[in-house]
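Numbering (my numbering), first residue to last: 150 to 241.
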């Protein structure tokens, strides 16, 4: 299962995601796209997110069973802490 979260996304991105995933709440998309589709969606989101934020949670072969990608401004960044993925926010 893949989860994508969009915050302050430009027009059109949410509509594009609904072609492949279900929007369960405003800006929260859930689905099971193939790896190829997921990577293409992420490339599109990362280039078009602008001043917004995007977070993608996807399956992975690690202890948690998932990994996270982030794009956009003022974002939380995933940090590997002894094999555990935690989120850190940059200090200003």
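No residue lacks a Cβ here, since even glycine has one placed at the ideal position from N, Cα and C. These numbers were taken from a predicted model, which means no experiment stands behind them.
Where residue 168 sits in the DSSP three-state scheme
Translated into positions along the chain shown, residue 168 becomes position 19. Residue 168: coil per DSSP, three-state reduction.
Minimum C-alpha distance to residue 191 - residue among 151, 236, 239:
For the purposes of this step, residue 191 is taken as residue 42 along the chain shown, with counting starting at 1. When only C-alpha atoms are compared, the closest one is 151.
Work out the CA separation of residue 231 and residue 193 for me, nearest whole Å.
Taking the first residue of the chain shown as position 1, residue 193 is located at position 44. Taking the first residue of the chain shown as position 1, residue 231 is located at position 82. Looking at the two C-alpha atoms, the distance is approximately 31 angstroms.
Can a CB atom of chain C be found closer than 7 angstroms to the CB of residue 191?
Among the chains of the structure shown, chain C does not appear; only one protein chain is present.
What are the start and end residues of each continuous alpha helix (DSSP H) run of 4 or more residues lying completely inside the segment 166-210, in chain order?
184-197
Report yes if the C-beta distance between residue 185 and residue 205 is below 7 angstroms; otherwise report no.
The residue given as residue 185 occupies position 36 in the chain shown. The residue given as residue 205 occupies position 56 in the chain shown. Result no, Cβ atoms of residue 185 and residue 205 do not sit closer than 7 angstroms.
From 234, 229, 223, residue whose alpha carbon lies closest to that of residue 240
Translated into the one-based positions of the chain shown, residue 240 becomes position 91. Checked all of 234, 229, 223; the closest Cα to residue 240 is 223.
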